[in-house]
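Residue numbers (UniProt numbering): 1 to 286. Heads up, the beta-carbon is just placed ideally off N, CA and C, and yes, glycines get one too. Everything below concerns the one structure shown next.
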Amino acid sequence: MELDDAVVVFNEARPRLMGIAYRMLGSHSEAEDLVQEVWLRWQAADRSTVQSPVAYLSTAVTRLAINASQSARARRETYIGPWLPEPVDTSADPYLGAERGEALSFAVLLVLERLSPTERAAYILREAFDYQYDELAAVLQSTQPAVRQLVSRARKRIRAERRTEVSGGEQKKLLTAFVAAARSGDLGELEQLLAKEAISYSDGGGVARASKFPVVGRERVAKYYRAFHTRFWQGVEVELGTMNGQSAVMCKRDGELFAVCTVIASPDGIDEVLWMMNRSKLTAVA
Numbered sequence: 001m002e003l004d005d006a007v008v009v010f011n012e013a014r015p016r017l018m019g020i021a022y023r024m025l026g027s028h029s030e031a032e033d034l035v036q037e038v039w040l041r042w043q044a045a046d047r048s049t050v051q052s053p054v055a056y057l058s059t060a061v062t063r064l065a066i067n068a069s070q071s072a073r074a075r076r077e078t079y080i081g082p083w084l085p086e087p088v089d090t091s092a093d094p095y096l097g098a099e100r101g102e103a104l105s106f107a108v109l110l111v112l113e114r115l116s117p118t119e120r121a122a123y124i125l126r127e128a129f130d131y132q133y134d135e136l137a138a139v140l141q142s143t144q145p146a147v148r149q150l151v152s153r154a155r156k157r158i159r160a161e162r163r164t165e166v167s168g169g170e171q172k173k174l175l176t177a178f179v180a181a182a183r184s185g186d187l188g189e190l191e192q193l194l195a196k197e198a199i200s201y202s203d204g205g206g207v208a209r210a211s212k213f214p215v216v217g218r219e220r221v222a223k224y225y226r227a228f229h230t231r232f233w234q235g236v237e238v239e240l241g242t243m244n245g246q247s248a249v250m251c252k253r254d255g256e257l258f259a260v261c262t263v264i265a266s267p268d269g270i271d272e273v274l275w276m277m278n279r280s281k282l283t284a285v286a
């Protein structure tokens, strides 16, 4: 295969490669670095021996992501404050290169962080990219019974830790109402919107002014937003978008994006409020 043809093949596979790498790492910037590494390997490879270029490229990015996720976990242990995934704009590509949008929502990405890298890879390739078990075994250099176990364990973990979420329309409605109540400092409305065990996470990474600890409980969360509403929201422009397949709010001051906010909600109300405020993690949506 000539280089010009190799470029075409790689560009066609690129959305899939980004989709795998992003789900594995929860970081758009790190996923881009991995995809670039796969491109360099693809250039240098003996492509005449490759029967399925897409399988070759997908296997390469998965194995690189497994290795990268091990070092990423060590870095996150020293991360300042809560770590949240980098938001990605999915308005143009709702499934981010996958067969379906599984393993893309913030709720699932946060659970995936607590799985082993190989469990995460098996779940992502099976649930989002519809890999068959013989394909999974080849990618992960394992056996079919072993990869079935990996997928099964991951499914059970996600089912156990993930609450029943409301519809996309209801999530958007709750998010919009929450932002309005937080902006006005309406304590009663905030308490009405929040579930009893609601948690607020703010990812500032030590570079943005944000709480370094989660705020837990309906009353505490409501009072937290009430306490700083006059300072935080002054001069802020709010824009609704679609991040990771769900509604999110982009906050700008003087035309510059400084925060992305979304909520995870169940029939009991808003369970989690997520603030991505580390500006280095907002480049994919800025």
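(message) Please state the DSSP three-state secondary structure of ILE80.
(response) In the sequence shown, the residue the question calls residue 80 occupies position 80. DSSP places ILE80 in coil when its eight states are reduced to three.
(message) Give me, in chain order, the residues of the same chain whose beta-carbon lies closer than 6 Å to that of LEU112; leave out the 5 immediate sequence neighbours on both sides.
(response) What you label residue 112 is simply residue 112 of the sequence shown in a count that begins at 1. Closer than 6 Å at the Cβ level, and outside the excluded window around LEU112, lie ARG120.
(request) Return the residue from the list PRO117, PRO214, VAL139 that minimises the CA-CA distance to GLY26. (result) To locate residue 26, count along the sequence shown from 1; it is residue 26. For GLY26, the nearest C-alpha among the options comes from PRO117.
(message) Considering just the uninterrupted stretch of the beta strand (DSSP E) at ASP49, what are its terminal residues?
(response) Position 49 of the sequence shown, counted from the start, is the residue given in the question as residue 49. According to the sequence provided, residue 49 is Thr. The question's Asp does not apply to it. Looking at the DSSP string, THR49 is not in any beta strand (DSSP E), and its letter there is neither H nor E.
(request) Reducing DSSP to helix, strand and coil, say where TRP39 ends up. (result) Reading the sequence shown from its first residue, position 39 is the one you call residue 39. Correct three-state label for TRP39: helix.
(request) Starting from GLY193, follow the alpha helix (DSSP H) in both directions and report where the run begins and ends. (result) Residue numbering aside, residue 193 sits at position 193 when the sequence shown is read from its first letter. The question names Gly, but residue 193 is Leu in the sequence shown. Per DSSP, LEU193 belongs to the alpha helix (DSSP H) from 187-193.
(request) For ALA44, count neighbouring C-beta atoms within 10 Å of its own C-beta (all shown protein chains included) and say buried if the count is 16 or more, exposed if not. (result) Residue 44 sits at position 44 when you count from the first residue of the sequence shown. ALA44 should be labelled exposed.
(message) Please classify ALA92 as buried or exposed, where buried requires at least 16 other C-beta atoms within 10 Å of its C-beta.
(response) Translated into positions along the sequence shown, residue 92 becomes position 92. Burial call: exposed.
(request) Within 10 angstroms of the Cβ of PRO145, are there 16 or more other Cβ atoms? Answer buried if so, exposed if not. (result) Numbered from 1 along the sequence shown, position 145 holds the residue referred to as residue 145. Label assigned to PRO145: exposed.
(request) List in chain order: all unbroken beta strand (DSSP E) runs of 3+ residues lying wholly within the segment 183-268. (result) 194-203, 236-243, 246-253, 256-266
(message) Assuming contact is defined by CB atoms lying nearer than 9 Å, are GLY97 and PRO15 in contact in what I supplied?
(response) Position 97 of the sequence shown, counted from the first residue, corresponds to residue 97. Position 15 of the sequence shown, counted from the first residue, corresponds to residue 15. In contact: GLY97 and PRO15 (Cβ atoms closer than 9 Å).
(message) Would the segment 261-270 count as touching the segment 237-251 if we require 3 or more Cβ pairs under 8 Å?
(response) yes
(message) Within 10 Å of its beta-carbon, does LEU125 have 16 or more other beta-carbons around it, so buried, or fewer, so exposed?
(response) Numbered from 1 along the sequence shown, position 125 holds the residue referred to as residue 125. Buried, since its Cβ has 16 or more Cβ neighbours within 10 Å.
(request) Please work out which residues of its chain come closer than 7 Å, Cβ to Cβ, to PRO94, disregarding the five sequence neighbours upstream and downstream, and give them in chain order. (result) Stepping through the sequence shown from its first residue, residue 94 is reached at position 94. For PRO94, where only same-chain residues beyond five positions count, the Cβ hits under 7 Å are GLY101, GLY245.
(request) Express the C-alpha separation of GLY217 and SER200 in angstroms, rounding to a whole number. (result) Taking the sequence shown and counting its residues from 1, the one referred to as residue 200 is at position 200. Taking the sequence shown and counting its residues from 1, the one referred to as residue 217 is at position 217. One C-alpha to the other measures close to 9 Å.
(request) Could you say which of LEU3, ALA65, GLN51, ASP4 lies nearest to LEU17 if we only look at CA atoms? (result) Counted from its first residue, the sequence shown places residue 17 at position 17. The residue with the shortest Cα to Cα distance from LEU17 is ALA65.
(message) DSSP three-state label for LEU274, please.
(response) In the sequence shown, counting from the first residue as 1, residue 274 sits at position 274. In the structure shown, LEU274 sits in a strand (DSSP, three-state: E or B).
(message) Using CA atoms only, rank isn't needed, just tell me which of GLN171, GLU12, ASN67, VAL61 is closest to PRO267.
(response) Here residue 267 corresponds to residue number 267 of the sequence shown, with the count starting at 1. The option with the nearest alpha carbon to PRO267 is GLN171.
(message) Can you give me the C-alpha to C-alpha distance between VAL215 and ALA128, rounded to a whole angstrom?
(response) Within the sequence shown, the letter at position 215 stands for residue 215. Within the sequence shown, the letter at position 128 stands for residue 128. Each residue's Cα considered, the two are about 32 Å apart.
(message) Going by DSSP, what residue range makes up the alpha helix (DSSP H) through LYS156?
(response) If you number the sequence shown from 1, residue 156 lands on position 156. Where LYS156 is concerned, the enclosing alpha helix (DSSP H) stretches over 144-161.
(message) I'd like to check one pair, MET243 with residue 292: are the Cβ atoms closer than 9 Å?
(response) Residue 292 is absent from the structure shown; the chain starts at 1 and stops at 286.
(message) Considering only their Cβ atoms, is the gap separating ALA160 from ILE270 smaller than 9 Å?
(response) Counting from one through the sequence shown, the residue named residue 270 turns up at place 270. Counting from one through the sequence shown, the residue named residue 160 turns up at place 160. Taking 9 Å as the Cβ cut-off, ILE270 and ALA160 do not qualify as a contacting pair.
(request) Pick out whichever of GLY235, LEU3, ARG209 has its Cα sitting closest to the Cα of ARG41. (result) Counting from 1 along the sequence shown, the entry for residue 41 is found at position 41. It is LEU3.
(message) I need the boundaries of the alpha helix (DSSP H) containing TYR22, first residue and last residue.
(response) Stepping through the sequence shown from its first residue, residue 22 is reached at position 22. First-last of the alpha helix (DSSP H) with TYR22: 3-25.
(message) At the 9 Å Cβ level, is GLY169 part of the contact set with chain C, yes or no?
(response) Note that chain C does not occur in the displayed structure, where there is just one protein chain.
(request) Return the residue from the list VAL50, ALA72, THR49 that minimises the CA-CA distance to GLU30. (result) By 1-based counting over the sequence shown, the position of residue 30 is 30. Taking only the C-alpha atoms, the option nearest GLU30 is ALA72.
(message) Using only the alpha-carbon positions, how far apart do ARG279 and SER48 sit?
(response) By 1-based counting over the sequence shown, the position of residue 279 is 279. By 1-based counting over the sequence shown, the position of residue 48 is 48. Taking the straight line joining both Cα atoms gives about 43 Å.
(request) Figure out for me which residue from THR283, ASN11, TRP233, PRO85 has the closest Cα to the Cα of MET24. (result) The sequence position of residue 24 within the sequence shown is 24, counting from 1. Minimum Cα distance to MET24 is reached at PRO85.
(message) Once the 5 residues before and after LEU193 are set aside, which same chain residues still bring their CB inside 7 Å of it?
(response) One-based indexing of the sequence shown puts residue 193 at position 193. Result list for LEU193: LEU174, ALA177, PHE178, ALA181, GLY269, ILE270, in chain order.
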